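Undergrad: Start counting the sequence shown at 210; every next residue gets the next number (the working numbering).
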Amino acid sequence: MESSTRRYGKMANNERILIVDDERDFVEACRRTFEAKSYQVATAFTRAQAEGMVKPEPDAILLGTLSPAGDSFRLYQWLKQHPRRKDIPLLVIDAPYEQRSSRGWKQYEGMQLEADDYVTKPVEPSSLVLRVQTVLARASRVITVLIADDHTMVRDGISAVLGLQKDIKVVAEAVDGQDAIDKAMRLLPSVALMDLVMPRMSGLEATQRIIRECPYTKVLVLTQYDEEENLVAARNSGARGFIPKRAAGQDLVAGIRAVHAGEYFPASFAEARDS
Numbered sequence: 210m211e212s213s214t215r216r217y218g219k220m221a222n223n224e225r226i227l228i229v230d231d232e233r234d235f236v237e238a239c240r241r242t243f244e245a246k247s248y249q250v251a252t253a254f255t256r257a258q259a260e261g262m263v264k265p266e267p268d269a270i271l272l273g274t275l276s277p278a279g280d281s282f283r284l285y286q287w288l289k290q291h292p293r294r295k296d297i298p299l300l301v302i303d304a305p306y307e308q309r310s311s312r313g314w315k316q317y318e319g320m321q322l323e324a325d326d327y328v329t330k331p332v333e334p335s336s337l338v339l340r341v342q343t344v345l346a347r348a349s350r351v352i353t354v355l356i357a358d359d360h361t362m363v364r365d366g367i368s369a370v371l372g373l374q375k376d377i378k379v380v381a382e383a384v385d386g387q388d389a390i391d392k393a394m395r396l397l398p399s400v401a402l403m404d405l406v407m408p409r410m411s412g413l414e415a416t417q418r419i420i421r422e423c424p425y426t427k428v429l430v431l432t433q434y435d436e437e438e439n440l441v442a443a444r445n446s447g448a449r450g451f452i453p454k455r456a457a458g459q460d461l462v463a464g465i466r467a468v469h470a471g472e473y474f475p476a477s478f479a480e481a482r483d484s
């Protein structure tokens with residue numbers, strides 16, 4: 210019954226957890242456990258109920274088994290198709306192995322699953338608290354990125370690659386150095402990906418300004434002009450890393466994570482100096 214759902218209660222912890230499962234005893238045990246840890250908890254027993262409980266958006270969703278079979282996956286798809294809901298941290302709770310064929314996630318569903326964590330029943334609610342804490346902590350460490358390049362195809366390509374990473378989010382794109390400065394000062398991204406040669410203001414000038422005005426933002430130079438003099442100039446301007454466009458690929462993601470962590474990328478970039 211719709212009235213049996215439970216909306217968020219007022220607790221000391223501001224983090225909201227939505228628990229979705231058709232086993233009422235299990236849901237109730239989870240609710241008591243999470244509320245004992247001061248989480249705000251909402252519960253739902255059907256897909257329709259759950260879809261009506263995502264406003265306000267929860268900080269994490271525990272998605273268990275639902276009837277009829279396939280409703281858990283349909284709810285998952287519904288969540289992922291919405292731009293605001295698709296990034297809500299998700300912990301999937303599957304049926305026990307012996308019930309998997311009738312109540313659990315099908316193999317083809319699991320192959321499409323992009324959850325932040327996955328467990329199978331039976332599972333103690335107290336262990337779910339620890340898993341949710343880990344998922345929430347991981348989600349809070351998302352690296353925000355500003356892409357500065359005057360070529361639309363380059364920006365689109367980089368955005369597509371970074372969009373596949375759960376811990377990286379593109380917050381803005383800039384078409385020249387001045388645009389990069391304006392957006393960096395307004396959005397304070399974790400990392401600015403900076404082309405060297407752009408109209409209005411070069412990437413080197415923009416890097417110097419961003420380093421001075423936005424000390425929280427790390428600059429990673431990504432350019433097709435990978436001569437030694439450009440590498441040295443980028444290092445002298447305050448950049449934390451340098452990646453030739455021809456060698457991007459996985460280096461791009463690794464470089465973003467490295468400079469965000471306060472490292473140089475590659476490590477040898479720290480030694481780049483005028484000869």
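Ideal Cβ positions, reconstructed from N, Cα and C, are used throughout, including at glycine.
No experiment lies behind these values; they were computed from the predicted model shown.
So, with DSSP's three-state summary, where would you put Pro334?
TA: As a first step, residue 334 is located in the sequence shown; it is residue number 125 there, counting from the start. If DSSP states are grouped into helix, strand and coil, Pro334 belongs with the helices.
Undergrad: Note down, in chain order, each residue of its chain lying with its Cβ closer than 6 Å to the Cβ of Asp326, except the 5 sequence neighbours on either side.
TA: Taking the first residue of the sequence shown as position 1, residue 326 is located at position 117. Cβ within range, chain order: Leu300, Arg340 and Val344.
Undergrad: Using only CA atoms, which one of Asp358, Gln374, Val338 and Pro298 lies nearest to Asp388?
TA: Against the sequence shown, residue 388 aligns to sequence position 179. Nearest option by C-alpha distance: Asp358.
Undergrad: Cα separation between Ser212 and Asp268?
TA: By 1-based counting over the sequence shown, the position of residue 212 is 3. By 1-based counting over the sequence shown, the position of residue 268 is 59. Only weak support is given to the placement of Ser212: the predicted model assigns it a pLDDT of 44, under 50, and the question is left unresolved by the model.
Undergrad: The alpha helix (DSSP H) with Asp303 in it runs from where to where?
TA: Here residue 303 is taken as the residue at index 94 of the sequence shown, counted from 1. Taken as a continuous stretch (DSSP letters only), Asp303 belongs to no alpha helix (DSSP H), being part of the beta strand (DSSP E) at Leu299 to Asp303.
Undergrad: Measure the beta-carbon distance from Leu275 to Arg256 and round it to whole angstroms, keeping in mind my assumption that it falls under 8 Å.
TA: Along the sequence shown, read from residue 1 onward, the residue named residue 275 stands at position 66. Along the sequence shown, read from residue 1 onward, the residue named residue 256 stands at position 47. Yes, they are in contact, since the Cβ atoms of Leu275 and Arg256 sit about 6 Å apart, within 8 Å.
Undergrad: So, do the segment 306-324 and the segment 361-369 have three or more beta carbon pairs nearer to each other than 8 Å?
TA: Flag = no, the segment 306-324 and the segment 361-369 do not touch.
Undergrad: What residues are listed by DSSP as bridge partners for Ile367?
TA: Locating residue 367 in the sequence shown gives position 158, counting from the first residue. BP columns for Ile367 are empty, so no partner.
Undergrad: Which of the three DSSP states is assigned to Thr382 in this structure?
TA: Sequence index remark: in the sequence shown, residue 382 carries index 173 (1-based). Note that residue 382 corresponds to Glu in the displayed sequence, not to Thr. DSSP places Glu382 in strand when its eight states are reduced to three.
Undergrad: Would you call the CB atoms of Thr426 and Ala401 closer than 8 Å?
TA: By 1-based counting over the sequence shown, the position of residue 426 is 217. By 1-based counting over the sequence shown, the position of residue 401 is 192. Yes, the Cβ-Cβ distance between Thr426 and Ala401 is below 8 Å.
Undergrad: Distance, Cα to Cα, Ala324 vs Ala442?
TA: As a working mapping, residue 324 is identified with position 115 in the sequence shown. As a working mapping, residue 442 is identified with position 233 in the sequence shown. Going by the C-alpha atoms only, they are around 42 Å apart.
Undergrad: Curious, which full-length alpha helix (DSSP H) runs of at least 4 residues does the segment 432-467 contain?
TA: List check, alpha helix (DSSP H) in window: 437-446.
Undergrad: Return the chain-ordered list of same chain residues with a C-beta closer than 7 Å to the C-beta of Met210, the five sequence neighbours on each side being excluded.
TA: Taking the first residue of the sequence shown as 1, we reach residue 210 at position 1. Reliability fails at Met210, whose pLDDT of 40 lies under 50, so the model's placement of it is uncertain and no value is given.
Undergrad: By alpha-carbon positions, which one of Arg233, Lys264, Glu232 and Asp234 ends up nearest to Ile226?
TA: Within the sequence shown, the letter at position 17 stands for residue 226. With distances taken between Cα atoms, Ile226 lies closest to Lys264.
Undergrad: Just reading off the alpha helix (DSSP H) that Gln321 is part of, what are its end residues?
TA: Taking the sequence shown and counting its residues from 1, the one referred to as residue 321 is at position 112. No alpha helix (DSSP H) holds Gln321; DSSP gives it neither H nor E.
Undergrad: For Lys375, which three-state DSSP category applies?
TA: Position 166 of the sequence shown holds residue 375. Here Lys375 sits in coil by DSSP.
Undergrad: With a CB to CB cut of under 7 Å and the five nearest residues on each side skipped, what residues in its chain are close to Phe451?
TA: Counting from one through the sequence shown, the residue named residue 451 turns up at place 242. So the qualifying residues of the chain are Val430, Leu440, Ala443 and Phe478.
Undergrad: In its own chain, which residues sit with a C-beta less than 6 Å from the C-beta of Glu422, not counting the 5 before and 5 after it?
TA: Taking the first residue of the sequence shown as 1, we reach residue 422 at position 213. Excluding residues within five positions, the ones whose Cβ falls inside 6 Å are Met394.
Undergrad: Could you tell me if the beta carbon of Ile356 falls within a distance shorter than 7 Å of some heavy atom in the ligand ATP?
TA: Ligands in the displayed structure: none, and consequently the ligand ATP is not present.
Undergrad: Does any C-beta atom of chain D lie closer than 8 Å to the C-beta of Asp326?
TA: Among the protein chains of the structure shown there is no chain D, as only one such chain exists.
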